[in-house]
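Residue numbers (our numbering), protein chains in the order written: chain A, 1 to 191; chain B, 1001 to 1191.
Following: one structure in structure tokens, then a few remarks.
Shown next as structure tokens:
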């Protein structure tokens, strides 16, 4: 399973087999059940997750008491509450397995030690954060630009495999509307 | 002026004086007039800007033909259209000086060369992107959580110096409402 991380690192940085044997010791493997919570609101955010297999989501409970999903993570994506993780603070988010998943995770302390012992990993994480930031900037533009309906149509066009895989009520939660409203939009799209 | 960058790097990574003399050669200085456009929609995004003095904003023209501001950058902040910059693509954004500003900028090619010649700069940019990403994640939560009115009240409470400095019509553009509506909210806040 560690090979998935090894191959992902190799896309961005050169790490020898010997070094990777050391690097992987900083990580632990975790198997989750479907719907298992890895992080809950109010807990100190200690872990950064790398998805080997499966699908996670991040959400918070909004003032109406409903779950607002802000992020998904599929294979080779990293996910955490970055601000709380870096500063070891209590989080306002939940991280939950949407599917039965297999993950690697690292603690904030170990990520710091890893970067000190293997500076080549700075390059890897620089790419990880750079791309995640660029994607978040795109998301912010989308949130302003599109009506929720258009946002859904875009997602269906650009990420059909994702829309197929994620349960409809979670797509609704990501887009910020009710499952009933999503069901109406889908009918419109199919007609 | 280069000392501002040097001090900012020193917060995150150890760079010797000799190395910094080499590093700074990758950058150019630019002085801008107020309202000068550094990047326009449709242009290839070639530069990453570091603000030494002044204030920049990033915006796009939405379907109604109005300017939607998505980001500001003050002293020691970096700004670009990251996706277009990394991939050397045409941008959908404008970057404009809100005040007369002094900037450093680097091209995408030079940033890559800099990172190859001085791997210690990977650590610096890893921190830059990591924090920018965490801030963007917070922004996304805010965009979902708060009504625009609450968003303004939050900004006044948390960043009063910023609200003072940025012209009101640009605050309105950042929050996605008309200057008239902002003016009504401000009256409410003062009353």
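Note that the Cβ used here is the ideal one computed from N, Cα and C, for glycine as well.
Predicted model only: the values in this text are computed from it and were never measured.
Asked                                                                                                                                                                      : Found
The alpha helix (DSSP H) with residue 999(B) in it runs from where to where?                                                                                               : One cannot answer for residue 999(B) here, as it falls past the ends of chain B, which runs 1001 to 1191.
Looking at chain B, is there any beta carbon in it that lies within less than 8 Å of the beta carbon of residue 67(A)?                                                     : no
Taking Cβ positions only, does residue 1070(B) come closer than 8 Å to chain A?                                                                                            : yes
Here's the rule: buried if 16 or more other CB atoms are within 10 angstroms of the residue's CB, otherwise exposed. What is residue 1165(B)?                              : exposed
Identify each residue in the region 1137-1159 of chain B for which the Cβ-Cβ distance to at least one residue of chain A is less than 7 Å, and report them in chain order. : 1137, 1138, 1139, 1140, 1141, 1143, 1144 and 1145
Closer than 7 Å between beta carbons: that is the criterion. Which residues of the region 38-65 of chain A meet it against chain B?                                        : 60 and 62
If I measure Cβ to Cβ from residue 113(A) and keep anything under 6 Å in the same chain, skipping five residues before and after, which residues do I get?                 : none
Can you tell which of 92(A), 75(A), 120(A) and 109(A) has the C-alpha that lies nearest to the C-alpha of residue 98(A)?                                                   : 75(A)
Give the residues from the region 93-118 of chain A that approach chain B closer than 9 Å (Cβ to any Cβ), ordered along the chain.                                         : 93 and 115
Which of the three DSSP states is assigned to residue 11(A) in this structure?                                                                                             : coil
With 8 Å as the threshold, decide whether the Cβ of residue 10(A) is near any Cβ in chain B.                                                                               : no
Residue 159(A): which of 72(A), 34(A) and 82(A) sits nearest, CA to CA?                                                                                                    : 72(A)
Can you list, in chain order, the stretches of the alpha helix (DSSP H) that have 4 or more residues and sit fully within the region 1045-1097 of chain B?                 : 1082-1087
Can residue 120(A) and residue 14(A) be called in contact, C-beta distance under 8 Å?                                                                                      : yes
Using only alpha-carbon positions, find the residue among 1115(B), 1152(B), 1173(B) and 1024(B) that is nearest to residue 1188(B).                                        : 1152(B)
Would you check if the distance between the CB atom of residue 1056(B) and the CB atom of residue 1004(B) is smaller than 8 Å?                                             : no
Counting contacts by CB-CB distance shorter than 8 Å, is residue 36(A) in contact with chain B?                                                                            : no
With a cut-off of 8 Å on the beta carbons, I'd call residue 50(A) and residue 127(A) a contact; round off their distance for me.                                           : Not quite, the Cβ-Cβ distance comes to about 14 Å (not below 8 Å), so this is no contact.
Determine the chain B residues that contact residue 73(A) at a beta-carbon separation under 8 Å, and present them in chain order.                                          : Going along chain B, no residue has its Cβ under 8 Å from residue 73(A), so there is no contact; the nearest lies around 13 Å.
Could you give the residue range of the alpha helix (DSSP H) that holds residue 1122(B)?                                                                                   : 1120-1145
Can you check DSSP and say which residues form a bridge with residue 1107(B)?                                                                                              : 1047(B)
By Cβ distance, which residues of its chain are closer than 8 Å to residue 69(A), with the 5 residues on each side in sequence left out?                                   : 57, 58, 59, 170, 173 and 174
If you check the beta carbons only, do residue 1039(B) and residue 1045(B) fall under 8 Å apart?                                                                           : yes
Short of 9 Å Cβ to Cβ, which residues in the region 1165-1178 of chain B face chain C?                                                                                     : This model lacks chain C altogether; the protein chains it does include are A and B.
Can you pull out the residues from the region 120-136 of chain A whose beta carbon lies closer than 7 Å to at least one beta carbon of chain B?                            : 122, 123, 125, 126, 129, 130, 132, 133, 134 and 136
Can you give the Cα-Cα distance for residue 1019(B) and residue 100(A), rounded to whole angstroms?                                                                        : 49 Å
Nearest to residue 1085(B) by alpha carbon, out of 1067(B), 1065(B) and 1048(B)?                                                                                           : 1048(B)
Helix, strand or coil for residue 31(A)? Go by DSSP, reduced to three states.                                                                                              : strand
I want to verify the contact list: residues of chain A whose CB lies under 8 Å from the CB of residue 1083(B), in sequence order.                                          : 134, 135, 137 and 138
Can you tell me whether DSSP reads residue 173(A) as helix, strand or coil?                                                                                                : helix
Excluding the 5 residues flanking residue 1110(B) on each side, which residues of the same chain have their C-beta closer than 7 Å to its C-beta?                          : 1026
Is it the case that the CB of residue 1119(B) approaches a heavy atom of the ligand GTP more closely than 7 Å?                                                             : The ligand GTP is absent from the structure shown, which contains no ligands of any kind.
Can you tell me whether residue 1130(B) is buried or exposed? The criterion is at least 16 other CB atoms within 10 Å of its CB, across all chains shown.                  : buried
Looking at the C-beta of residue 21(A), does it have a partner C-beta in chain B at a distance below 8 Å?                                                                  : no
Once you ignore the five residues that flank residue 1081(B) on each side, which residues in its own chain have a CB closer than 8 Å to its CB?                            : 1039, 1045, 1058, 1091, 1092, 1093 and 1095
Could you name the residues of chain B that residue 86(A) contacts, counting a contact when the two beta carbons are closer than 9 Å?                                      : 1130, 1131 and 1134
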